[in-house]
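In the UniProt record's numbering, the protein residues as written are 1 to 870.
Accompanying notes for the structure given below.
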């Protein structure tokens, strides 16, 4: 039996050892495989990159520079590193120049023979209008654009990015994205030598332009071809007034002429699919000469024809429109024309991608490590939401503006075209506002809607002048319908309705309320068995607004004659209630709290705020705190106090919005301070009872109030604890610190050591001379200058609070008298020194056998000191 048990134990032990060995070996193999994979990724990645950027155009190069300046390791892969030859991206709006300067790339627009552009010269049917970008104080940059060769600008951006040590710019063709478990880990590309390799990084950015071959692997976006841009360059010529871009409202659509260098002029026009002549067989050149050239103003016609006659290369490029959609795949983000396209009529494509880069950079900056795919996904979702107001405005403007510029035989659409010209040339706020939109200086949806409605009304005015006619009214109605269709289609395309929560109109609320009342009356009437009752509807007005006596009598009489039906009252929406509440808050608490004049003994404490009110007020404070942080950052970078326009430009808001946010935040802060003052008194009564009736009570309460202000400024509601709990520490700490620092004046060590020497010298001279020494005697004893002596005494003088009470008792007044020339001895030595001095005086005066008047000791004839007990 024992032998069988021993065999079982041995076999069990052997099975355990074998099983453990198998698991151990498998785990070692898995770890070795993981380490090998990591080593392979690092080796293939050339040392490891944080971000891979596919494409080194305007967007890719700018993003590489911005991320590298933040310390990221960036690997850029570009298909062709030669200078690109493109007809798009040749004009930078003033708003784009501002964004370029925020990225630190403004010098890339210099030294490329760039041309200054101050506005537009618009031509239509012999009419001419000169419009300029407005001089706006809210726009913190020079209100001018730049025209240039796109290839030169791209090469400068590449040089700027590659100058940073943590940017690796490589020529290669990306074949596909490397995906593992639904997360993009990198890219597979072919180098310039023809070797296919793989690069790995936590984040991959696809920025390879409108012909992107990687877009389909990320999302299902399809670009819609709107028209074709046909253009060429006329060399060795210069336009009249080259600082104005020439916009000609020709047929079938617009024509543009603008200076892209000191000797080159770009000629471009828009043609629609199905009517494009062939370029290869010369039909396009003939079409341009016979059809388009006669529509060009005579002063530019020679330049327009020169390029055709000299055989300039004519190019046709499709203009596309594609909405931006969010990809569901992790670890990848799409930017630029690969992500979002709009009609190039407003030349704002580069401005949009620079804005996207600035937003993405700020969202990524707080992340120390980009390896967390979930955090990167949250950043990408936030980026998609934050970019909407800017991109939606520009995209909608480009698409709508291109529709207006199309010539048509329809009288309503042609009136819209003429209305646009009249609106631009009218001057005043209409011209400046529209040019601010076109220049990207004020890219806000509300401004866009306002000016689109203005153009519509101007067009309707054209149709109804000089007096309304039935045909003009009909065309006006058609025109309004067409305008609404344009706006609604553009809004649907850009998902503008998603930018803000749906708001219920006041009229709908009133209609619904009235319908509800009618239905309730109908039910009440039906339930009464068909018997009609006389119903008096009582007023829902508050008690303080009751009807007066005459109206109540009239209402009572009316009960006996016929029923009274109350009119539907306007229902106040939640948004209106919120706005009224904020307005009341600003009105009541906009003034700052006067800390000095508070009388803590007699003041009446405001009521305690509820936790909901606390949360609401702290929520209103958050935008102000964020704006102040932006202000501090700008002050550090600029080395001076930033202007309000600079702060507004940094966060893409108007100056009025910035002022309102700060005003509301300060009002919320003042209310929180005022309604939590009772915490200061609570701390004083609990921890500092000995000072509640003393002269320092007011000063300590003011110190506690400073601690309360610090607690409110630093409080974070998301921590889920109460302000009273958090504020007690700061209030108590501020009071203790005030008591510590107000007891004495902290003198520098160098002055303190000299003060001690002065004190010793004065005491020695006092006993040697039998009188108080003079300033000259002390200075001569210490061998110091009189100026140094006075400086030390001045620093050692006591400091008194200005808030101390004026009325003092006679004892306090006498005790408060200080000898300016005397010595402020230490409290420990003062009684002993006084005793020695009095003893010396009494010995000199030979007060025997009398008793010393101070010490109570007596002297006999033998000069022996005796105490009272002897």
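Yeah, the Cβ is synthetic: ideal placement off N, Cα and C, and Gly gets one too.
Quick caveat: nothing in here was measured; it's all calculated off a predicted structure.
Outcome for residue i when other beta-carbon atoms lying within 10 angstroms are tallied against a minimum of 16
i	result
residue 872	Residue 872 lies beyond the residue range present for the chain, which begins at 1 and ends at 870; the question has no answer from this structure.
residue 665	buried
residue 24	exposed
residue 731	buried
residue 817	With a pLDDT of only 46 at residue 817, under the threshold of 50, the placement of this residue in the model should not be trusted; the figure read from the coordinates follows. So residue 817 ends up on the exposed side.
residue 930	Outside the displayed range of the chain (1 to 870) lies residue 930, so it cannot be described from this structure.
residue 462	buried
residue 4	exposed
residue 615	exposed
residue 429	exposed
residue 7	exposed
residue 569	In this prediction, residue 569 scores a pLDDT of 45, lower than 50, which makes its location untrustworthy; the coordinate-derived value is nonetheless stated afterwards. Burial call: exposed.
residue 468	exposed
residue 667	buried
residue 26	exposed
residue 146	buried
residue 207	buried
residue 446	exposed
residue 14	exposed
residue 699	buried
residue 465	exposed
residue 227	buried
Proximity winner among the options, relative to residue i (alpha-carbon distances)
i	options	result
residue 713	691, 16, 659, 618	618
residue 290	740, 308, 699	308
residue 223	214, 206, 323	323
residue 273	293, 317, 770, 217	317
residue 391	343, 378, 659, 658	343
residue 585	650, 460, 669, 575	669
residue 80	762, 171, 94	171
residue 195	147, 124, 175, 754	175
residue 148	260, 247, 624, 126	260
residue 385	54, 325, 397	325
residue 604	588, 581, 642, 674	674
residue 108	87, 681, 315, 161	161
residue 782	770, 762, 795	762
residue 622	717, 340, 373, 110	717
Cα-Cα separation, residue i to residue j
i	j	result
residue 701	residue 692	10 Å
residue 113	residue 138	29 Å
residue 173	residue 158	17 Å
residue 383	residue 359	7 Å
residue 276	residue 120	27 Å
residue 411	residue 254	18 Å
residue 721	residue 101	43 Å
residue 369	residue 29	28 Å
residue 140	residue 163	28 Å
residue 203	residue 365	14 Å
residue 17	residue 11	10 Å
residue 456	residue 656	27 Å
residue 453	residue 423	11 Å
residue 727	residue 719	14 Å
residue 293	residue 305	7 Å
residue 50	residue 214	20 Å
residue 166	residue 56	15 Å
residue 205	residue 651	24 Å
Neighbour flag for residue i against chain C, beta carbons, 7 Å
i	result
residue 228	Included in the structure is just one protein chain, with no chain C present.
**Message:** Please give the ranges of any alpha helix (DSSP H) in the segment 747-794, keeping only runs that are unbroken, at least 4 residues long and fully inside the region.
**Reply:** 749-769, 775-782
**Prompt:** On the three-pair Cβ rule with 8 Å, is the segment 257-275 touching the segment 232-246?
**Reply:** Segment contact: the segment 257-275 against the segment 232-246, three or more CB-CB distances shorter than 8 Å; contact assigned.
**Request:** Just list the alpha helix (DSSP H) runs in the segment 146-192, keeping only unbroken ones of 4 residues or longer that don't cross its boundaries, in chain order.
**Result:** Within the segment 146-192, the complete alpha helix (DSSP H) segments of 4 residues or longer fall at 150-162, listed in chain order.
**Request:** Mind the definition here: the segment 680-690 touches the segment 177-190 only if three or more C-beta pairs lie below 8 Å; say whether that holds.
**Result:** Judged by Cβ distances under 8 Å, the segment 680-690 makes no contact with the segment 177-190, as fewer than three pairs qualify.
**Request:** Return the chain-ordered ranges of every beta strand (DSSP E) run that is complete within the segment 103-144 and spans a minimum of 3 residues.
**Result:** 115-117, 119-124, 127-132
**Item:** Length-filtered (3 minimum) beta strand (DSSP E) runs lying within the segment 272-321
**Value:** The segment 272-321 is shown to contain whole beta strand (DSSP E) runs of 3 or more residues at 315-321, in chain order.
**Item:** Any alpha helix (DSSP H) of 4 or more consecutive residues that is wholly inside the segment 391-479
**Value:** You should have 411-425, 428-438, 445-464.
**Request:** At 4 residues or longer, and completely inside the segment 237-272: list those alpha helix (DSSP H) runs for me, N to C.
**Result:** none
**Request:** Could you tell me whether the segment 183-193 touches the segment 149-156, where touching means 3 or more Cβ pairs closer than 8 Å?
**Result:** no
**Prompt:** Should the segment 125-139 be called in touch with the segment 52-64, which here means at least 3 C-beta pairs below 8 Å?
**Reply:** no
**Any 3 or more C-beta pairs closer than 8 Å across the segment 89-107 and the segment 432-440** = yes
**Item:** Whole alpha helix (DSSP H) elements within the segment 632-670, 4-residue minimum
**Value:** 644-650
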